[in-house]
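Trainee: If you use UniProt numbering, the sequence shown corresponds to residues 1 to 625, in order. For each residue, glycine too, the CB sits at the ideal point set by N, CA and C. Predicted model, so just to flag it, every value in this text is computed and none were measured. One structure, as structure tokens, below. Some questions next.
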Amino acid sequence: MTAADFDYEDLGLVAGLEIHQQLDTATKLFCECPTELREPEESGRRFTRYLHPTKSELGEIDDAALEESMVDREFEYLAYDTTCLVEEDDEPPHRVDREAMETAMEIGQLMDMSVVDQVNVMRKIVVDGSNTTGFQRSMLVANDGAIETGDGQVGIEDMLLEEESCQRVEETEEGVRFSLDRLGIPLVEIGTKPDIRSPEQAREAAERIGMLLRSTGKVKRGLGTIRQDVNVSIAEGARIELKGVQSLDDIDDLVRNEVRRQVELLDIAEELDERGATVGDPQDVTDTFEDTESGVIRGALDGGGRVQAVLLAGFDGLVGRELQPDRRLGTEFSDHAKRHGAGGIFHTDELPAYGVTEAEVEALREAVGAGPEDAVAIVADDPETADLAIDAVAERAETALSCVPEETRDALEDGTSRYLRPLPGAARMYPETDVPPVEPDVTDVETPELLTEKVERYEEEFGLDSGLAEQVAYGQRWPLFESLVGQDAVDATLAAGTLESTLTELRRDDVPVERLTDDHLRETILLVDSGEVPREGIEDLLAALAEDPDLSAEEAVEQEDLGGVDESEVREAVEEVVERNAEQVETEGMGAFSGLMGECMGALRGKADGDTVSSVLREEIQKRA
Numbered sequence: 001m002t003a004a005d006f007d008y009e010d011l012g013l014v015a016g017l018e019i020h021q022q023l024d025t026a027t028k029l030f031c032e033c034p035t036e037l038r039e040p041e042e043s044g045r046r047f048t049r050y051l052h053p054t055k056s057e058l059g060e061i062d063d064a065a066l067e068e069s070m071v072d073r074e075f076e077y078l079a080y081d082t083t084c085l086v087e088e089d090d091e092p093p094h095r096v097d098r099e100a101m102e103t104a105m106e107i108g109q110l111m112d113m114s115v116v117d118q119v120n121v122m123r124k125i126v127v128d129g130s131n132t133t134g135f136q137r138s139m140l141v142a143n144d145g146a147i148e149t150g151d152g153q154v155g156i157e158d159m160l161l162e163e164e165s166c167q168r169v170e171e172t173e174e175g176v177r178f179s180l181d182r183l184g185i186p187l188v189e190i191g192t193k194p195d196i197r198s199p200e201q202a203r204e205a206a207e208r209i210g211m212l213l214r215s216t217g218k219v220k221r222g223l224g225t226i227r228q229d230v231n232v233s234i235a236e237g238a239r240i241e242l243k244g245v246q247s248l249d250d251i252d253d254l255v256r257n258e259v260r261r262q263v264e265l266l267d268i269a270e271e272l273d274e275r276g277a278t279v280g281d282p283q284d285v286t287d288t289f290e291d292t293e294s295g296v297i298r299g300a301l302d303g304g305g306r307v308q309a310v311l312l313a314g315f316d317g318l319v320g321r322e323l324q325p326d327r328r329l330g331t332e333f334s335d336h337a338k339r340h341g342a343g344g345i346f347h348t349d350e351l352p353a354y355g356v357t358e359a360e361v362e363a364l365r366e367a368v369g370a371g372p373e374d375a376v377a378i379v380a381d382d383p384e385t386a387d388l389a390i391d392a393v394a395e396r397a398e399t400a401l402s403c404v405p406e407e408t409r410d411a412l413e414d415g416t417s418r419y420l421r422p423l424p425g426a427a428r429m430y431p432e433t434d435v436p437p438v439e440p441d442v443t444d445v446e447t448p449e450l451l452t453e454k455v456e457r458y459e460e461e462f463g464l465d466s467g468l469a470e471q472v473a474y475g476q477r478w479p480l481f482e483s484l485v486g487q488d489a490v491d492a493t494l495a496a497g498t499l500e501s502t503l504t505e506l507r508r509d510d511v512p513v514e515r516l517t518d519d520h521l522r523e524t525i526l527l528v529d530s531g532e533v534p535r536e537g538i539e540d541l542l543a544a545l546a547e548d549p550d551l552s553a554e555e556a557v558e559q560e561d562l563g564g565v566d567e568s569e570v571r572e573a574v575e576e577v578v579e580r581n582a583e584q585v586e587t588e589g590m591g592a593f594s595g596l597m598g599e600c601m602g603a604l605r606g607k608a609d610g611d612t613v614s615s616v617l618r619e620e621i622q623k624r625a
């Protein structure tokens with residue numbers, strides 16, 4: 001069965017979103033460090049930590065944190081001259097950043113939310129190394145809002161203001177290396193109510209929230225600055241959190257594939273029940289593979305490891321059953337084994353393969369007492385890892401007998417997902433005692449203009465066509481555009497075309513436009529608008545500034561000899577071109593115009609306005625035709 005065959009209403013699909021958006025503030029949430037990302041090689045020093053879960057106020061340990069801590073890892077952190085002791089957890093956090101709080105309240109107003117009377121900072125346990133403290137600081141700012149979609153209203157449950165986590169740099173032999181540059185950047189987490197009833201509505205709701213966030217003009221843009229989590233369940237299934245969706249284009253496919261996964265797991269559970277399936281106790285089958293030529297197993301045994309197996313009675317043919325595109329029940333088992341340090345598993349639905357022979361499969365079946373309707377899963381690794389991993393496989397197989405397990409899953413780029421950890425619970429939260437509460441004041445908080453409203457205004461007020469108006473309004477440089485057409489009275493089409501179309505064309509030509517500052521762009525557009533530089537020279541001017549950002553626009557004009565020429569110089573250049581092509585002009589008349597126009601512009605090297613060159617060329621052709 002494919003996702004296209006599903007009746008989502010009949011299945012009882014319920015979904016909700018959690019949108020995480022970085023704020024574009026000057027400083028971080030709990031210190032005065034800039035919200036600037038760095039390259040790992042710029043790090044000035046590094047240090048290591050080991051993290052362990054702590055108990056909540058009620059003396060409980062969160063299941064997700066407990067599972068994370070079962071793998072013993074060292075976490076290494078890269079520090080910079082733009083990070084401080086707060087990020088390193090060697091200094092108490094400072095007061096909550098005022099700019100971040102005000103931006104969060106603006107976002108709340110756009111979603112018709114109620115701001116709380118007092119904001120209290122909480123600690124949320126996180127022991128995966130992404131926070132040096134072992135927790136993330138988070139605070140509830142507003143709740144009870146709503147947005148509109150084509151399929152009805154979607155409620156907004158709450159909005160939290162949080163600190164962003166570290167950037168994960170790479171895996172090391174001892175554990176994981178992180179970078180402190182991102183840690184502490186202000187982040188809002190917006191959670192919807194479970195009002196979404198279709199994959200398409202999930203995507204539309206995410207797009208609507210994204211538009212509202214960008215309408216503030218105070219959120220960061222680019223890859224990794226916004227992440228979507230999607231909570232999905234069906235009537236007979238379980239709540240699943242799909243974590244870390246990077247692209248809006250993936251949301252509907254992820255929801256469809258998760259629904260399919262749950263439907264398939266429910267069908268498998270029903271069939272296992274009919275077969276009277278059971279899961280055996282893990283056992284050592286190392287002797288069975290004593291002479292194996294399988295590279296994976298041989299490598300584990302030669303390193304002092306062993307092979308652990310578990311009998312899956314009644315599972316034959318079902319471990320290899322596809323749940324999502326190219327992901328099977330056996331893949332789910334393997335995901336759990338990997339979370340405990342193993343490289344993966346083998347199972348009899350896919351064997352013989354990977355160097356494991358038919359004879360070894362038969363010997364394995366005999367060793368664990370497997371019959372024709374049974375399956376066997378094995379893990380080959382060092383003794384401790386093999387034990388932990390096979391226990392995890394057996395536990396996941398037990399769950400498959402009866403239900404869809406609640407869990408957090410990692411959203412993959414192909415629209416599928418993999419097991420990440422158990423769903424977190426209330427035991428992960430406890431109060432932060434180092435930061436005083438904040439009593440938010442909404443008196444002076446203004447509601448920003450929506451991007452959709454901005455598009456309409458640009459069309460009406462500045463005469464931009466709908467496509468260009470939308471590009472500017474939804475782009476990152478609309479504040480500069482508004483300053484140029486307002487304060488500087490620049491031609492709106494020139495400003496909009498330069499900031500969107502011209503920069504896009506230069507980027508496609510591999511010009512490093514990311515080096516261009518607002519000052520570069522403003523100076524360039526003002527020079528062109530005043531006539532000091534012809535419009536035809538704008539690309540060359542911006543390309544020169546991108547290659548050498550230390551130049552001013554006027555210095556780049558002089559360096560590249562891009563200053564405009566007067567009409568007499570234009571006429572002289574055009575006359576020379578027409579004279580060289582006199583025979584063609586006499587023969588073709590105005591038919592020669594197109595070819596000669598390009599030659600004239602080349603002769604003037606972009607230093608003359610195209611309209612002026614065109615007018616003079618027409619005059620000269622008419623004289624000779």
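1. Can you give me the C-alpha to C-alpha distance between Phe289 and Gly304, rounded to a whole angstrom?
2. Relative to the alpha-carbon of Asp519, which residue among Glu170, Pro479, Asp252, Glu558 has its alpha-carbon at the smallest distance?
3. Is it the case that the Cβ atoms of Val613 and Val574 are separated by a distance below 8 Å?
4. Can you tell me the Cβ-Cβ gap for Ala473 and Ala380, rounded? I've got them flagged as a contact below 8 Å.
5. Please classify Ala277 as buried or exposed, where buried requires at least 16 neighbouring CB atoms within 10 angstroms.
6. Enumerate in chain order the residues of its own chain whose CB-to-CB distance from Pro325 is below 8 Å, with the five nearest sequence positions on each side excluded.
7. Who are the near neighbours of Glu264 in its chain, counting only those whose CB is closer than 6 Å to its CB and skipping five residues on each side?
8. Between Asn143 and the rest of its own chain, which residues show a CB-CB distance below 8 Å, the 5 nearest in sequence each way excluded?
9. Anyone know if the C-beta pair for Ile240 and Arg507 falls short of 8 Å?
10. With a CB to CB cut of under 7 Å and the five nearest residues on each side skipped, what residues in its chain are close to Cys600?
11. State the Cα-Cα distance for the pair Lys623 and Ala489, rounded to the nearest angstrom.
12. By how many angstroms is the C-alpha of Ser530 removed from the C-alpha of Gly595?
13. Kindly indicate which three-state DSSP category Ala65 falls into: helix, strand or coil?
14. Just the C-alpha distance for Val86 and Lys28, rounded to the nearest angstrom, thanks.
15. What do you get for Ser402, buried or exposed, if any count of 16 or more other CB atoms within 10 angstroms of its CB means buried?
16. So for Val232, helix, strand or coil by DSSP?
17. Quick one: measure Cβ to Cβ for Arg428 and Ala392, integer angstroms, because I've assumed they're closer than 8 Å.
18. Which residue comes first and which comes last in the beta strand (DSSP E) that contains Thr410?
19. Thinking C-beta only, is Glu207 closer than 8 Å to Leu254?
20. Is Asn581 helix, strand or coil by DSSP?
21. Can you find the residues in the same chain that come closer than 7 Å, C-beta to C-beta, to Asp387, ignoring five residues on each side of it along the sequence?
22. Is it buried or exposed for Tyr8, if we count other Cβ within 10 angstroms and need 16 for buried?
23. Could you please give the first and the last residue of the uninterrupted alpha helix (DSSP H) stretch that includes Ser614?
24. Answer yes or no: do Leu311 and Leu272 have a C-beta to C-beta separation smaller than 8 Å?
25. Quick one: what's got a C-beta closer than 6 Å to Gln167's C-beta in the same chain, skipping five residues either side?
26. So, with DSSP's three-state summary, where would you put Ser530?
27. State the Cα-Cα distance for the pair Glu446 and Thr25, rounded to the nearest angstrom.
28. Whose CA, out of Pro92, Arg477, Leu527, lies closest to the CA of Val513?
29. What's the gap between the Cα of Leu11 and the Cα of Gln228?
30. At what residues does the beta strand (DSSP E) containing Gln153 begin and finish?
31. How do the region 91-110 and the region 131-147 stand: do at least 3 beta-carbon pairs fall below 8 Å, yes or no?
32. Would you give the residue range spanned by the alpha helix (DSSP H) that Gly108 belongs to?
33. Using 8 Å as the threshold, is the C-beta distance between Ala469 and Phe481 below it?
34. On the premise that Gly589 lies in contact with Ile621, defined as a C-beta separation below 8 Å, what is that separation, rounded to the nearest angstrom?
35. Within 10 angstroms of its Cβ, does Gln262 collect 16 or more other Cβ (buried), or is it exposed?
36. Is the Cβ-Cβ distance between Thr493 and Leu464 less than 8 Å?
Mentor: By the coordinates alone:
1. Position 289 of the sequence shown, counted from the start, is the residue given in the question as residue 289. Position 304 of the sequence shown, counted from the start, is the residue given in the question as residue 304. Roughly 13 Å between the two C-alpha positions.
2. Your numbering for residue 519 matches position 519 in the sequence shown. The residue with the shortest Cα to Cα distance from Asp519 is Pro479.
3. Within the sequence shown, the letter at position 613 stands for residue 613. Within the sequence shown, the letter at position 574 stands for residue 574. Yes, the Cβ-Cβ distance between Val613 and Val574 is below 8 Å.
4. The sequence position of residue 473 within the sequence shown is 473, counting from 1. The sequence position of residue 380 within the sequence shown is 380, counting from 1. Not quite, the Cβ-Cβ distance comes to about 57 Å (not below 8 Å), so this is no contact.
5. Residue numbering aside, residue 277 sits at position 277 when the sequence shown is read from its first letter. Buried: at least 16 other Cβ atoms inside 10 Å.
6. Along the sequence shown, read from residue 1 onward, the residue named residue 325 stands at position 325. Excluding sequence neighbours, Pro325 sits near Asn257, Asp414, Gly415, Thr416.
7. As a first step, residue 264 is located in the sequence shown; it is residue number 264 there, counting from the start. Only Leu323 meet the Cβ criterion.
8. Translated into positions along the sequence shown, residue 143 becomes position 143. Met113, Ser114, Val116, Ile156, Glu157, Asp158, Met159, listed in sequence order.
9. Locating residue 240 in the sequence shown gives position 240, counting from the first residue. Locating residue 507 in the sequence shown gives position 507, counting from the first residue. Result no, Cβ atoms of Ile240 and Arg507 do not sit closer than 8 Å.
10. Here residue 600 is taken as the residue at index 600 of the sequence shown, counted from 1. Cβ within range, chain order: Ala573, Val574, Val577, Val613, Leu617.
11. Residue numbering aside, residue 623 sits at position 623 when the sequence shown is read from its first letter. Residue numbering aside, residue 489 sits at position 489 when the sequence shown is read from its first letter. Looking at the two C-alpha atoms, the distance is approximately 39 Å.
12. Counting from one through the sequence shown, the residue named residue 595 turns up at place 595. Counting from one through the sequence shown, the residue named residue 530 turns up at place 530. Answer to the nearest angstrom: the Cα atoms are 29 Å apart.
13. Locating residue 65 in the sequence shown gives position 65, counting from the first residue. Any reading at Ala65 must be qualified, since the residue scores a pLDDT of 48, below 50, and its modelled position is unreliable; the value itself is stated next. Helix.
14. Within the sequence shown, numbered from 1, the residue matching residue 86 stands at position 86. Within the sequence shown, numbered from 1, the residue matching residue 28 stands at position 28. Using only the alpha carbons, I get a separation of about 10 Å.
15. The count along the sequence shown starts at 1 and reaches residue 402 at position 402. Exposed, since its Cβ has fewer than 16 Cβ neighbours within 10 Å.
16. The count along the sequence shown starts at 1 and reaches residue 232 at position 232. Strand at Val232.
17. Position 428 of the sequence shown, counted from the start, is the residue given in the question as residue 428. Position 392 of the sequence shown, counted from the start, is the residue given in the question as residue 392. Not really, about 21 Å apart at Cβ, beyond 8 Å.
18. Mapped onto the sequence shown, residue 410 falls at position 410. One detail in the question is off: residue 410 reads as Asp in this sequence, not Thr. Unbroken beta strand (DSSP E) run through Asp410: 407-411.
19. Position 254 of the sequence shown holds residue 254. Position 207 of the sequence shown holds residue 207. Going by C-beta atoms, Leu254 is not nearer than 8 Å to Glu207.
20. Locating residue 581 in the sequence shown gives position 581, counting from the first residue. In this structure, Asn581 counts as coil in the three-state DSSP scheme.
21. On the sequence shown, residue 387 is found 387 positions in, with the first residue counted as 1. Cβ neighbours of Asp387 beyond the five flanking positions: Gln308.
22. To locate residue 8, count along the sequence shown from 1; it is residue 8. Buried: at least 16 other Cβ atoms inside 10 Å.
23. Within the sequence shown, the letter at position 614 stands for residue 614. Taken as a continuous stretch (DSSP letters only), the alpha helix (DSSP H) holding Ser614 covers 610-624.
24. Sequence index remark: in the sequence shown, residue 311 carries index 311 (1-based). Sequence index remark: in the sequence shown, residue 272 carries index 272 (1-based). Not in contact: Leu311 and Leu272 (Cβ atoms no closer than 8 Å).
25. Here residue 167 refers to the residue found at position 167 of the sequence shown. Ser179, Arg182, listed in sequence order.
26. Here residue 530 refers to the residue found at position 530 when the sequence shown is read from its first residue. In this structure, Ser530 counts as coil in the three-state DSSP scheme.
27. Position 446 of the sequence shown, counted from the start, is the residue given in the question as residue 446. Position 25 of the sequence shown, counted from the start, is the residue given in the question as residue 25. Going by the C-alpha atoms only, they are around 17 Å apart.
28. Locating residue 513 in the sequence shown gives position 513, counting from the first residue. It is Arg477 whose Cα lies nearest to the Cα of Val513.
29. What you label residue 11 is simply residue 11 of the sequence shown in a count that begins at 1. What you label residue 228 is simply residue 228 of the sequence shown in a count that begins at 1. For Leu11 and Gln228, the distance between alpha carbons rounds to 24 Å.
30. In the sequence shown, the residue the question calls residue 153 occupies position 153. 152-163 is the extent of the beta strand (DSSP E) around Gln153.
31. yes
32. Here residue 108 refers to the residue found at position 108 when the sequence shown is read from its first residue. Element bounds for Gly108: 98-110.
33. Here residue 469 refers to the residue found at position 469 of the sequence shown. Here residue 481 refers to the residue found at position 481 of the sequence shown. For Ala469 and Phe481, no; Cβs fall outside 8 Å.
34. Against the sequence shown, residue 621 aligns to sequence position 621. Against the sequence shown, residue 589 aligns to sequence position 589. 7 Å between Cβ atoms; contact.
35. Here residue 262 corresponds to residue number 262 of the sequence shown, with the count starting at 1. Buried, because 16 or more other Cβ atoms sit within 10 Å of the Cβ of Gln262.
36. Within the sequence shown, the letter at position 493 stands for residue 493. Within the sequence shown, the letter at position 464 stands for residue 464. Closer than 8 Å, so yes.
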